[in-house]
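Participant: In this note's numbering, the protein residues as written are 29 to 323. Where is the CB? At the ideal position from N, CA and C, for every residue including glycine. The structure presented is a predicted model; accordingly, all values stated were derived computationally and were not measured.
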């Protein structure tokens with residue numbers, strides 16, 4: 029096992045994580061909303077500090093401030109963010125906090141949409157995820173991977189119940205002036221597997237049910253896949269300069285219209301077209317911000 033893997037480098041934290049953890053490891057319609065565990069959040073902030081270079085930064089705070097003001101005024105806001113590692117959510121929270129009062133307030137108002145895997149697969153992975161306020165969903169990809177007809181029937185019902193509860197909670201938290209953060213790819217990008225960077229069709233529904241949106245690109249990665257990408261505790265930590273960059277604040281309805289123009293009026297799947305446009309814009313931002321990052 030790599031000495032810089034989470035399971036080796038941070039093994040000394042596991043007893044404390046177990047002591048602090050309080051989230052249920054089995055998700056039902058009654059526990060899809062999981063508030064942040066501040067004790068574990070302090071541990072995650074320290075891990076970010078140990079792995080992010082001091083010149084890491086969150087760029088375009090004026091846009092983030094505009095976004096914050098609008099959600100506080102009642103707009104339903106969504107943040108759509110690239111996804112490279114399980115440090116992405118900790119990273120944006122950590123970097124926003126370093127930006128002063130506005131960044132701190134925005135980070136406190138972010139509620140992440142998270143798949144059940146983080147809660148149900150490993151108690152220590154679950155404990156790390158528990159640091160942040162989340163709404164848990166049953167991802168469509170997880171359901172599609174089930175091959176046994178009887179198991180599929182049972183899990184299809186479970187997914188429907190869980191996701192209905194999640195959508196109700198999504199509406200509740202936004203009425204309280206919070207923003208929802210979603211990774212539109214639905215999974216971490218794996219180098220050499222371009223399909224993992226394709227946006228999930230269901231993301232269009234999140235956009236359609238929102239008033240404003242902000243894209244966030246990520247350059248740099250402090251937590252990289254091991255030889256077994258399914259082993260999250262095997263992920264390898266490494267020091268890197270992380271740059272997270274906010275886009276301007278978009279009207280969701282205008283963005284969806286722009287996506288139609290970009291993809292053409294004859295596109296067969298209008299919903300996928302919108303999500304493809306999201307990923308296209310994120311990729312443009314990523315490429316622009318990579319220039320000179322490590323000079």
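1. Quick test of your reading: residue 134 and residue 108, contact by CB under 8 Å. State the CB separation rounded to the nearest angstrom.
2. Judging by CA-CA distance, which residue of 164, 115, 89 is the nearest neighbour of residue 127?
3. Relative to the alpha-carbon of residue 57, which residue among 145, 193, 139, 156 has its alpha-carbon at the smallest distance?
4. Note down, in chain order, each residue of its chain lying with its Cβ closer than 7 Å to the Cβ of residue 32, except the 5 sequence neighbours on either side.
5. Residue 273 lies in the beta strand (DSSP E); which residues open and close that run?
6. Between which two residues does the beta strand (DSSP E) harbouring residue 245 extend?
7. By the three-class DSSP mapping on this structure, what secondary structure does residue 202 have?
8. Cα separation between residue 155 and residue 295?
9. At the level of alpha carbons, what is the spacing between residue 258 and residue 216?
10. Measure the C-alpha to C-alpha separation of residue 172 and residue 323 and round it to an integer number of angstroms.
11. Between the alpha carbons of residue 141 and residue 165, how many angstroms are there, rounded?
12. By the DSSP assignment, the alpha helix (DSSP H) with residue 45 in it spans what residues?
13. According to DSSP, simplified to helix, strand and coil, what is residue 215?
14. Just grab the DSSP bridge partners of residue 252 for me.
15. Which whole-angstrom value is the C-beta distance of residue 190 and residue 60, which I expect to be below 8 Å?
16. Tell me whether the beta-carbon of residue 169 lies closer than 8 Å to the beta-carbon of residue 235.
17. So for residue 227, helix, strand or coil by DSSP?
18. Taking the alpha-carbon of residue 54 as reference, which of 119, 187, 282 has the nearest alpha-carbon?
19. To the nearest angstrom, how far is it from the Cα of residue 131 to the Cα of residue 91?
20. If you reduce the DSSP assignment to three classes, tell me which class residue 61 lands in.
21. Please identify the residue among 75, 40, 85, 44 whose C-alpha is closest to the C-alpha of residue 317.
22. Here's a check: name, in chain order, each residue in its chain whose Cβ is nearer than 8 Å to the Cβ of residue 240, leaving out the five neighbours to either side.
23. If we ignore side chains and look at the alpha-carbon of each, how far apart do residue 212 and residue 110 end up?
24. Helix, strand or coil for residue 68? Go by DSSP, reduced to three states.
25. Classify residue 99 as helix, strand or coil using the three-state DSSP reduction.
26. Cβ of residue 300 within 8 Å of Cβ of residue 229?
27. Residues in the same chain with beta-carbon distance under 7 Å from residue 249, minus the five sequence neighbours each way, listed in chain order, please.
Facilitator: Quick look at the numbers:
1. Not confirmed; about 15 Å, so no contact.
2. 89
3. 193
4. 264, 265, 266
5. 271-279
6. 240-247
7. helix
8. 42 Å
9. 11 Å
10. 43 Å
11. 7 Å
12. 42-48
13. coil
14. 264
15. 6 Å
16. no
17. coil
18. 187
19. 11 Å
20. strand
21. 85
22. 95, 98, 99, 103, 104, 105, 106, 277, 278, 279, 280
23. 7 Å
24. helix
25. helix
26. yes
27. 112, 113, 268
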